[in-house]
Amino acid sequence: MGLGFSAYSDGRDAAKLRPTAALTGAYNVPFINCWLGASGAFEFRPDASLGDFSAPYAAATIFLRTGHGPNRAHLLLGLGRNWALGDNPADTDFAEYTRQDSFIMLGFESDYTHRLRHSNALGVYFNYGITPAIRGYRFSPGGGRITSDNTRHLALTISLSPYWFR
129 MGLGFSAYSD GRDAAKLRPT AALTGAYNVP FINCWLGASG AFEFRPDASL
179 GDFSAPYAAA TIFLRTGHGP NRAHLLLGLG RNWALGDNPA DTDFAEYTRQ
229 DSFIMLGFES DYTHRLRHSN ALGVYFNYGI TPAIRGYRFS PGGGRITSDN
279 TRHLALTISL SPYWFR
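Under this note's numbering, the first residue of the sequence shown is numbered 129, with each subsequent residue one higher.
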């Protein structure tokens, strides 16, 4: 379980800070010295068409977390998918918001305050969109609409997460 803030950018505007909450589970795979994990998150993504408001999204991530044991630093590498919750942001003739997009996640966690079967981790994660979140269009001289650019979301998240071990 983790709480944090994410800074989102679509490459057009300055990054905007929004709250994020996630629930994470992981299984220790001792012979490769890694954790295989999955995370489900609820986040708000800034939406230019909504002004200062944000659109809610659900995110699911599958990742590998290196190392185990107390007082360790961990690298995380994973793949994930975002789903828009509720109404889609307003599409225009020049922009179409996708309902789903995929991303690659790279992260770093540092464990501290180990007590019995509990620790806390301070984490920094970077999500890079690999599929478009917004498709941009322009019109040809003949009046046909053609794709001009695809915008991918970038997210930098900082979180504090407690971990409980069996």
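Glycine residues also receive a C-beta, built at the ideal position from the N, C-alpha and C atoms.
Going along the chain, which residues of its own chain have a beta-carbon closer than 7 Å to the beta-carbon of residue 164, five neighbours each way excluded?
-> To locate residue 164, count along the sequence shown from 1; it is residue 36. Counting only Cβ-Cβ distances below 7 Å, and skipping sequence neighbours, we find 154, 155, 157, 192.
Helix, strand or coil for residue 158, going by three-state DSSP, please let me know.
-> Residue numbering aside, residue 158 sits at position 30 when the sequence shown is read from its first letter. The answer is helix: DSSP assigns residue 158 an H, G or I state.
Hey, how far is the Cα of residue 261 from the Cα of residue 166?
-> For the purposes of this step, residue 261 is taken as the residue at position 133 of the sequence shown. For the purposes of this step, residue 166 is taken as the residue at position 38 of the sequence shown. Approximately 22 Å, taken between the alpha carbons.
Return yes when the Cβ of residue 212 is within less than 8 Å of the Cβ of residue 249, no when it is not.
-> Position 121 of the sequence shown, counted from the first residue, corresponds to residue 249. Position 84 of the sequence shown, counted from the first residue, corresponds to residue 212. No.
Could you round the C-beta distance between residue 209 and residue 171 to whole angstroms and report it? I think they count as a contact, below 8 Å.
-> Reading the sequence shown from its first residue, position 81 is the one you call residue 209. Reading the sequence shown from its first residue, position 43 is the one you call residue 171. Here residue 209 is actually not in contact with residue 171; their C-beta atoms are around 13 Å apart, not less than 8 Å.
Would you mind working out which of 236, 240, 194, 231 sits nearest residue 292, comparing C-alpha positions?
-> In the sequence shown, residue 292 corresponds to position 164, counting from 1. Ranking the options by Cα distance to residue 292, first place goes to 240.
When burial is assigned at 16 or more other CB atoms within 10 Å of the CB, is residue 277 buried or exposed?
-> As a position in the sequence shown, residue 277 is number 149, starting the count at 1. Exposed, because fewer than 16 other Cβ atoms sit within 10 Å of the Cβ of residue 277.
Excluding the five sequence neighbours on either side, which residues of its own chain have a C-beta within less than 6 Å of the C-beta of residue 294, listed in chain order?
-> As a first step, residue 294 is located in the sequence shown; it is residue number 166 there, counting from the start. Closer than 6 Å at the Cβ level, and outside the excluded window around residue 294, lies no residue.
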